[in-house]
Amino acid sequence: MSTQFSTSSEQWSSSWAFMMAAAGAAVGLGNIWKFPYITGMNGGGAFVLMYLICVLILGVPLLMAEIAIGRLARKNPAGSIAYLAHQEKRSRAWGLIGFWIISAGFLILTYYSVIAGWALAYEVLAVREGFLHASAHHIDELFTSLLAHPAQLILWHSLIMIATTLVVARGVQKGIEKTVMILFPAMVILLVLIAAYSLQTPFFIHGLTFLFHPHFEKLSAHNLLVALGHAFFTLSIATGSIMMYGAYLPKHISVAKTSLFIAAADTFVALIAGLAIYPLVFAHGLQPAAGPGLIFKTLPLAFSAMEHGNLLAILFFAMLVFAAFTSTISLLEPTVAWLIETCAWSRWQAALVSGSVAWALGLLTVFSFNIAKTTTILGLTFFAAIDYLTSNIMLPLGGLLIALFAAWIIKTSVMRTGLNIRQKYGFYLWLWTSRIIVPIAILFVMINVLGLGA
Ligand code: TRP
Numbered sequence: 002m003s004t005q006f007s008t009s010s011e012q013w014s015s016s017w018a019f020m021m022a023a024a025g026a027a028v029g030l031g032n033i034w035k036f037p038y039i040t041g042m043n044g045g046g047a048f049v050l051m052y053l054i055c056v057l058i059l060g061v062p063l064l065m066a067e068i069a070i071g072r073l074a075r076k077n078p079a080g081s082i083a084y085l086a087h088q089e090k091r092s093r094a095w096g097l098i099g100f101w102i103i104s105a106g107f108l109i110l111t112y113y114s115v116i117a118g119w120a121l122a123y124e125v126l127a128v129r130e131g132f133l134h135a136s137a138h139h140i141d142e143l144f145t146s147l148l149a150h151p152a153q154l155i156l157w158h159s160l161i162m163i164a165t166t167l168v169v170a171r172g173v174q175k176g177i178e179k180t181v182m183i184l185f186p187a188m189v190i191l192l193v194l195i196a197a198y199s200l201q202t203p204f205f206i207h208g209l210t211f212l213f214h215p216h217f218e219k220l221s222a223h224n225l226l227v228a229l230g231h232a233f234f235t236l237s238i239a240t241g242s243i244m245m246y247g248a249y250l251p252k253h254i255s256v257a258k259t260s261l262f263i264a265a266a267d268t269f270v271a272l273i274a275g276l277a278i279y280p281l282v283f284a285h286g287l288q289p290a291a292g293p294g295l296i297f298k299t300l301p302l303a304f305s306a307m308e309h310g311n312l313l314a315i316l317f318f319a320m321l322v323f324a325a326f327t328s329t330i331s332l333l334e335p336t337v338a339w340l341i342e343t344c345a346w347s348r349w350q351a352a353l354v355s356g357s358v359a360w361a362l363g364l365l366t367v368f369s370f371n372i373a374k375t376t377t378i379l380g381l382t383f384f385a386a387i388d389y390l391t392s393n394i395m396l397p398l399g400g401l402l403i404a405l406f407a408a409w410i411i412k413t414s415v416m417r418t419g420l421n422i423r424q425k426y427g428f429y430l431w432l433w434t435s436r437i438i439v440p441i442a443i444l445f446v447m448i449n450v451l452g453l454g455a
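For the sequence shown, the working numbering assigns the number 2 to the initial residue and increments by one for each residue that follows.
Spelled out as structure tokens, the structure:
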């Protein structure tokens, strides 16, 4: 069988390296850009509570399933799932699930890199001119003008894609591991510094109340769906990245503890980002429900009026770039591993080709904000269509299939080895959550999201 299923020879140098890489994949624009603004738009405390419940009940079992599958088979996601199906004497067509999730990650990368590019553009702006004493009009103008100029967007997007490709081309230990071991801790330190600043502002308590005081009357079915969907996106579930990283994991590590660590680190960063951002928003009489522009428009306005505003802006956007970059590298890796293992390409060749294709597809997102603003598919711009397709269809369906495959198709004894859970009850807790609760919850979300068209 070995000729049919080529196995990855790469491995993390330590379990710490894996944790940094996986937490780096999970923590990204979703935590710092998306979480604060969707919390703002969905009413605060009660929404946060729902999101936390989803992370724990849906997110952790799926993270565990993905890591265990990767580690049992030690291949790219498509190869891993096909291999395990083959072991169970099932059709290798199950491998299509892996192909599906690799494609989802690859498609996300195409637009994620463009938005990471905005963060890079803002970092350069913060360093070169700063936002101090800038007028609201000027700040608004900066964002509008960035989006209106394809050449600028292409420049930033290209820089992110080139850096991503180079890191992935250097391999797991020399490229990915080295990068995340520096960038992830640096990102956490920057975030804590900004939160410490917010802590001293008189509005800290407003931020705290907004995030943690639930107003259940503000909770609707739609909020619940947004919370569920975001729990998926933020943990990088069903994009192949976590499964891929699990394939490079040494045997002895506890999957349950690792998954809890990833979920906890991801949640911690999102909450700290909220605590860092909201006091600044409230202190300047701004609105938490400002939407996707919260970080790029509202926050610079807060920086413009703050004592150490320039320094904070530099720290903040640096942190955002680091967080996004540890995600872009993990979005590219599954495709690269798939090309290496399936087409027998060299790592450099695979990285260069897939990086270039992702770059080219990213142009669709770039143009969605300017020259192709009015070109739509089913009423959505290219960017909105890719986002909708991946977040609302590909990720939930991928998660559903992973849960079904891991909990119903793979023999329980094999899964128990893969998960490395000693206690019987712990294993059954995972098994029945994944067999029943996860699929039902996901179906509920999908039917509602698609049915409501939200
Ligand atoms: N979790 C990332 C974030 O919150 C986004 C993301 C989704 C992702 N799937 C991924 C990142 C796969 C890396 C790999 O920003």
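Just so you know, even glycine gets a beta-carbon here, dropped at the ideal spot from N, CA and C.
Inter-residue spacing [alpha-carbon to alpha-carbon] between residue 118 and residue 161: As a working note, residue 118 is residue 117 in the sequence shown. As a working note, residue 161 is residue 160 in the sequence shown. Taking the straight line joining both Cα atoms gives about 6 Å.
Residue from 400, 157 and 337 with nearest C-alpha to residue 231: Residue 231 sits at position 230 when you count from the first residue of the sequence shown. Ranking the options by Cα distance to residue 231, first place goes to 400.
Distance cut-off 7 Å: residue 332 Cβ against heavy atoms of the ligand TRP: As a first step, residue 332 must be located in the sequence shown, where it is residue number 331. Yes, Cβ of residue 332 sits closer than 7 Å to a heavy atom of the ligand TRP.
Within 8 Å, strictly: CB atoms of residue 256 and residue 421: The residue you call residue 256 lines up with position 255 of the sequence shown. The residue you call residue 421 lines up with position 420 of the sequence shown. Contact: yes.
Residue 237 Cβ short of 7 Å to the ligand TRP heavy atom set: Numbered from its first residue, the sequence shown carries residue 237 at position 236. Yes, the Cβ of residue 237 comes within 7 Å of a heavy atom of the ligand TRP.
Burial state of residue 111 (16 or more Cβ within 10 Å): As a position in the sequence shown, residue 111 is number 110, starting the count at 1. With 16 or more Cβ atoms within 10 Å of its Cβ, residue 111 is classed as buried.
Sequence-distant residues of its chain with Cβ nearer than 7 Å to residue 306 (five each side left out): To locate residue 306, count along the sequence shown from 1; it is residue 305. Answer for residue 306: 285, listed in chain order.
Span separating the alpha-carbon of residue 266 from that of residue 272: As a position in the sequence shown, residue 266 is number 265, starting the count at 1. As a position in the sequence shown, residue 272 is number 271, starting the count at 1. Each residue's Cα considered, the two are about 10 Å apart.
Residues of its chain near residue 157, where Cβ-Cβ distance is below 6 Å and the 5 sequence neighbours each way are ignored: Working through the sequence shown from its first residue, we reach residue 157 at position 156. Hits under 6 Å: 118, 121 and 122.
Any C-beta of chain C under 8 Å from that of residue 327: Reference to chain C is not applicable here, since this structure consists of a single protein chain.
Proximity to residue 241 [Cα-Cα], best of 135, 72 and 414: Here residue 241 corresponds to residue number 240 of the sequence shown, with the count starting at 1. Comparing Cα-Cα distances from residue 241 to each of 135, 72 and 414, the minimum goes to 72.
Residue 378 CB to nearest heavy atom of the ligand TRP below 7 Å: In the sequence shown, residue 378 corresponds to position 377, counting from 1. No; taking the cut-off as 7 Å, the Cβ of residue 378 has no heavy atom of the ligand TRP nearer than that.
Inter-residue spacing [alpha-carbon to alpha-carbon] between residue 220 and residue 53: Within the sequence shown, residue 220 is the residue found at index 219, counting from 1. Within the sequence shown, residue 53 is the residue found at index 52, counting from 1. For residue 220 and residue 53, the distance between alpha carbons rounds to 14 Å.
Residue 311 versus residue 211: straight-line alpha-carbon distance, rounded: Stepping through the sequence shown from its first residue, residue 311 is reached at position 310. Stepping through the sequence shown from its first residue, residue 211 is reached at position 210. Near 26 Å, if we compare the C-alpha coordinates of residue 211 and residue 311.
Range of the contiguous alpha helix (DSSP H) that encloses residue 171: Position 170 of the sequence shown holds residue 171. Careful: residue 171 lies outside any alpha helix (DSSP H) and carries neither H nor E.
heavy atom of the ligand TRP below 7 Å from residue 166 C-beta: Stepping through the sequence shown from its first residue, residue 166 is reached at position 165. Every heavy atom of the ligand TRP is 7 Å or more from the Cβ of residue 166, so no.
beta-carbon residue 234 near the ligand TRP non-hydrogen atom, thresh 7 Å: For the purposes of this step, residue 234 is taken as the residue at position 233 of the sequence shown. Residue 234: yes, Cβ under 7 Å from the ligand TRP.
Buried versus exposed, by CB contacts within 10 Å (16 or more), residue 198: The residue labelled residue 198 in the question sits at position 197 within the sequence shown. So residue 198 ends up on the buried side.
Residue 177 burial status per 10 Å Cβ neighbour count (16 or more: buried): As a first step, residue 177 must be located in the sequence shown, where it is residue number 176. Residue 177 should be labelled buried.
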